[in-house]
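Those protein sequences? They're chains A and B, same order as listed. Under the working numbering, the residue at position 410 of the first sequence is numbered 410, and the numbers go up by one with no gaps. Under the working numbering, the residue at position 158 of the second sequence is numbered 1158, and the numbers go up by one with no gaps. C-beta atoms are modelled at their ideal positions from N, C-alpha and C, and glycine is treated no differently. For reference, the structure is listed below as structure tokens.
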Amino acid sequence: MRYAETGVNLEIDLSRGGIEKEGTDPGLTELYLGGLGTNARILWDRVPPETKPFDPDNLLIFSAGILAGTPAPGANRTIVSTFSPQTLLMAYSIMGGFWAPELKFAGYDKVIIRGKSPKLVYLWINNDKIEIRDASHLQGKGSLETAELIKQELKEPKAQVAAIGLAGENRVYFASIEQGRSSASRGGIGAVMGDKGLKAIAVRGTKDVNVAQPAEFMELCNEVLKYIKDRADNPIKGVPPILAGLGSPQEMSLHDEEWHTASFAWGHARHRRKDFWNKKIEKQWKAIQDKSVERLISCYNCPMKCGGIIRHPKLERYMMKCYSKLTYTMAAMSDLAFGFKIAGLAQEYGVDGYTTPQVMAFALELYEAGILTDKDLPGLPAKTEDRFFYLLEKIVRREGIGDTLADGVYWAARKIGKGAEAYDHNTIKKHEQIPIKLGTLNPIYYLMWSTGEKINITQIEGQIPQAPFPTREEREEFVKDWVQVPKEEIKDFILQWGEPGTGFPNYPTTEAACDLVEWQETMHYIDDATGICAGLSSFPIKPPYHIHNLPRLISFATGMDIDEAKLWQIARRNRTLIRAINARKGMRRIDEKPPEDHWRKRFPEMEAKLLDDYYKFKGWNNEGIPTKETLDELGLNYVSQDLEQRGVYQEKKAKVAKMDSKKEKSQGKKE
Amino acid sequence: MKKVKVIKIDVDKCNGCRACEAICSAFHSTPKYSSTNPERSRIRVLFDPLKDVYVPVLAGDYTEAECNGRDLYTIDGKVYDECSFCRASCPSRKLFKDPDSDLPLKCDMCEEEPPLPEPLCVQWCLSDALTYEEREEEGEEEEKKPGEMEIGLESLVKKHGAKKVKDALARISKG
């Protein structure tokens, strides 16, 4: 018997209408655990780097985390992986909700989609019965509307549905896959789903998910729940309210938005408004929020209430979570009422709540600058808010200028030309980033913004306070019960931070920065394999899940014998494999650059050295490609062999040799 | 005096996480906690987020008859499904039946020795949508309740008649 996982993947070929159930190799579970890890292995094996995101041979993989469906609180994530039309790299967006546990209860770990359907279809997974069904009547329908219609037509109110909206059908590069309040929205995976002609996947399951050592497993689950309860009564002291609790930032219940409104940039990631937040705004926004949020809601088996049911007089009820409350508001320099209205509409169209407002603010900047004109934007309304609605409609339909903007800021800027490239100031790896513009370079964040491949900074960072505690006593108090750290040295970072001479960019040391980044990132890679929500694990300060209890939890669930070192090694293997996939796709050091204006004060030499040292620390070469030794040590020999055969390691040497010979020639001429 | 165990349900506090379903099904699996399957749970959250309807319902008795009519409740402007508040395992819906055997499921308040301080669905509901209380009521202490197998057999007897069940049992035990 297989524990925690089902041991079966569904293989769907949309070109031929093929449906197969494939037993999986338990050996792969031992190496990559599950979720993102095994997704990466499948993408490496089956999608060669020449395959383009919209080729039929690109795979779209929906995977449940290995612990999804077990009683582990918060283990409910669906990890969707494919190749992104926007970054041209591996995209691995993740969503919470109820879909992944339902897939496990239906008897599957993953749904692997290949090919393209000639007409719009949806997939219906009902335990052992799988059908590819016509979806022509769902064409153009909203994501939530689609889910409702499918549940009605199947007469299965308990089915869980992941669907795309109009934006996905139209292959908007930042189209999302939506499931209730949860969306897998980064990297344009909704566009890949639309390209495959797949409108939705509905799933219903009534089978068991087993764990290997039930009593021990439950004891740990109960400890986790008890800790969550304790933390609700004892928020972290000395940090802003938004960082003091567990879960995703509790945006649906918190009213204090000083942290986001003052620290993040408004408009097209342009303006800091440090004085924006005041008592009057707080009162206004609280009234709007109290009227809009009808109920706080959760994902499967999780006590955190990160989501809200939103009621708006002009819209159907919808669900929201986290920072999407403010992304549109801040991009349009508007207020919360606008945010609640446009976010509901955008979610129905199925677009990413981070990227979309940035693209629209970018377009309006180009208009102000005269690069886009009335000819490009016929009938553009006068008010900024109305312009956002106008642009949203154009983008999701790929209508007029919307067709260009639908490719995201990076590609749109290059297509528009006329100096538009200069306005592309907040992308990394061709992808829009969270609008943050700060003062002095922070070495830890420099490394994370540069090298994160999940594109969102929130998917690499976590656990560390954002500012030093003012007094020694507070620092000591903070580290006293900081059991989550992988090693004691990490505590020194907090203990010393705030002493004279510990300002950025010289603090912390490169060595400490590498350790801190490695820890933060590793915990995310573990979550992405287990399917435990980052909000209970890698993201908040002092989470209930950490490197010291996760190995036992995973062992008790799966029956494998995994200790801390082994789990760390699995995470490192998964992380390195993804880096290798992207290196094989052509990602190099030159792509690992935070926007120039991300910090006002930059230190080019120091930054270069930081990256050098971090690459070395990770076992990557100077181009950020995992070395043969690193890959072989992780058992990824098949990867190193492939990279060698493709000449990936020779590139730099070849370039250098070419330059040298040029130099020699020119020197020869001089002589 | 007899002791009455009460699970109080506050639908306004339910966050729809279904932890109650997960833990209930795990507790009632054999060996205990070895498997999870909400379909085997004796508590279900009937929910429809887009109508803001969240109703945790605990499985009550099995009934072999369908209701003659249906009721629709409107509370605070929200319309609740006709069977939203009903605890019965009955022929008109799939709820509260074991997915493999189709046998009815019934909440036993997590009875075990030594007794738990509270049923597990209550313990795992950190939102306090489910809370527990015991109170004394006039009347005789109940006789020992029939076990799970007896409840199952009884419903089989009701459905197929005692003779058929007896024959089937004899056949199975021979095999």
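Could you give the DSSP three-state label for residue i: helix, strand or coil?
i                            : result
alanine 184 of chain A       : strand
phenylalanine 62 of chain A  : strand
tyrosine 390 of chain A      : helix
glutamine 667 of chain A     : In this predicted model, glutamine 667 of chain A has a pLDDT of only 46, less than 50, meaning its place in the structure is not dependable enough to derive any value.
valine 209 of chain A        : strand
lysine 305 of chain A        : coil
serine 1177 of chain B       : Absent from the structure is residue 1177 of chain B, since the part of chain B shown begins at 1001 and ends at 1175.
aspartate 403 of chain A     : helix
aspartate 1012 of chain B    : helix
serine 93 of chain A         : strand
threonine 530 of chain A     : helix
phenylalanine 105 of chain A : helix
glycine 439 of chain A       : strand
lysine 966 of chain B        : With chain B covering 1001 to 1175 only, the question about residue 966 of chain B has no answer from this structure.
isoleucine 434 of chain A    : coil
aspartate 13 of chain A      : strand
arginine 133 of chain A      : strand
aspartate 591 of chain A     : helix
glutamate 1133 of chain B    : strand
lysine 1159 of chain B       : helix
valine 648 of chain A        : coil
asparagine 126 of chain A    : strand
phenylalanine 603 of chain A : coil
With a CB to CB cut of under 7 Å and the five nearest residues on each side skipped, what residues in its chain are close to residue i?
i                            : result
alanine 337 of chain A       : Ile288
tyrosine 390 of chain A      : Leu380 and Pro381
proline 1119 of chain B      : Ile1007, Met1109, Cys1110 and Tyr1132
phenylalanine 105 of chain A : Gly69, Gly205, Thr206, Lys207 and Val209
threonine 6 of chain A       : Lys104, Gly107, Tyr108 and Asp109
Nearest to residue i by CA position, among the options, is which residue?
i                         : options                                       : result
arginine 1044 of chain B  : B/Ser1084, B/Ser1035, B/Lys1032 and B/Glu1137 : B/Ser1084
serine 292 of chain A     : A/Phe264, A/Ser253, A/Thr261 and A/Val479     : A/Ser253
arginine 589 of chain A   : A/Gln520, A/Lys305 and A/Thr451               : A/Thr451
glutamine 347 of chain A  : A/Glu294, A/Arg181 and A/Asn278               : A/Arg181
valine 224 of chain A     : B/Ile1075, B/Leu1126 and B/Tyr1033            : B/Leu1126
lysine 609 of chain A     : A/Phe469, A/Leu345 and A/Pro443               : A/Pro443
alanine 163 of chain A    : A/Leu154, A/Leu144, A/Glu521 and A/Lys155     : A/Leu144
lysine 418 of chain A     : A/Leu366, A/Gln463, A/Gln459 and A/Glu499     : A/Leu366
threonine 128 of chain A  : A/Met319, A/Ile19 and A/Leu447                : Sequence inspection shows aspartate at residue 128 of chain A; the threonine mentioned does not correspond to that position. Ranking the options by Cα distance to aspartate 128 of chain A, first place goes to A/Ile19.
tryptophan 44 of chain A  : A/Ala135, A/Tyr614 and A/Thr576               : A/Thr576
glutamate 219 of chain A  : B/Ile1009, B/Phe1027 and B/Arg1093            : B/Phe1027
threonine 458 of chain A  : A/Pro357, A/Gln433 and A/Phe54                : A/Gln433
serine 81 of chain A      : A/Met90, A/Ile371 and A/Ala75                 : A/Met90
arginine 579 of chain A   : A/Glu461, A/Asp256, A/Gly65 and A/Ser640      : A/Ser640
aspartate 1076 of chain B : B/Val1053, B/Gly1016, B/Met1001 and B/Cys1067 : B/Val1053
Using a Cβ cut-off of 8 Å, pull out every chain B residue sitting near residue i, in sequence order please.
i                            : result
phenylalanine 105 of chain A : Asn1037, Pro1038 and Glu1039
glutamate 148 of chain A     : Leu1050
phenylalanine 217 of chain A : Tyr1033
asparagine 301 of chain A    : Cys1017, Arg1018, Ala1019 and Ala1022
lysine 229 of chain A        : Leu1126
Using a Cβ-Cβ cutoff of less than 6 Å, which residues in the same chain neighbour residue i once the five nearest sequence positions on both sides are dropped?
i                        : result
glutamine 160 of chain A : Phe98, Trp99, Glu102 and Val203
arginine 295 of chain A  : Ile309
leucine 567 of chain A   : Pro551
alanine 412 of chain A   : Thr404 and Leu405
Can you pull the chain B neighbours of residue i, defined as C-beta to C-beta under 7 Å?
i                         : result
tyrosine 614 of chain A   : Per Cβ cutoff of 7 Å: no residues; tyrosine 614 of chain A is ~39 Å from chain B at best.
isoleucine 297 of chain A : Asn1015, Gly1016 and Pro1049
Whose Cβ in chain B lies nearer than 9 Å to the Cβ of residue i?
i                      : result
proline 357 of chain A : Result: empty, since nearest Cβ-Cβ is about 24 Å, beyond 9 Å.
Cβ closer than 7 Å: which chain A residues qualify as neighbours of residue i?
i                          : result
isoleucine 1075 of chain B : Within 7 Å Cβ-Cβ: nothing; isoleucine 1075 of chain B doesn't reach chain A, min ~14 Å.
What does residue i reach in chain A if we use C-beta pairs closer than 9 Å?
i                      : result
proline 974 of chain B : Because chain B in this structure spans residues 1001 to 1175, residue 974 of chain B falls outside the shown range and cannot be described.
Which same chain residues, not among the five before or five after residue i, have their C-beta less than 8 Å away from its C-beta?
i                         : result
glycine 619 of chain A    : Thr576, Pro626, Thr627, Glu629, Thr630 and Glu633
asparagine 621 of chain A : Tyr615, Thr627, Tyr649 and Lys652
Quick one: which chain A residues come within Cβ less than 8 Å of residue i?
i                       : result
proline 1099 of chain B : Thr206 and Lys207
Give the residues from the segment 183 to 211 of chain A that approach chain B closer than 7 Å (Cβ to any Cβ), ordered along the chain.
Thr206, Lys207, Asp208, Val209, Asn210 and Val211
For the segment 313 to 327 of chain A, enumerate the residues whose C-beta is nearer than 8 Å to any C-beta of chain B, in chain order.
Glu316, Arg317, Tyr318 and Met319
Along the segment 61 to 73 of chain A, what residues have a CB closer than 8 Å to any CB found in chain B?
Gly69, Thr70, Pro71 and Pro73
Contact list for the segment 1013 to 1027 of chain B against chain A, Cβ threshold 7 Å:
Asn1015, Gly1016, Cys1017, Arg1018, Ala1019, Ala1022, Ile1023 and Ala1026
Output, in sequence order along the chain, the residues in the segment 1122 to 1138 of chain B whose CB is closer than 9 Å to any CB in chain A.
Gln1123, Trp1124, Cys1125, Leu1126 and Ser1127
Against chain D: residues of the segment 130 to 161 of chain A by CB proximity under 8 Å:
Absent from the structure: chain D. Protein chains present are A and B.
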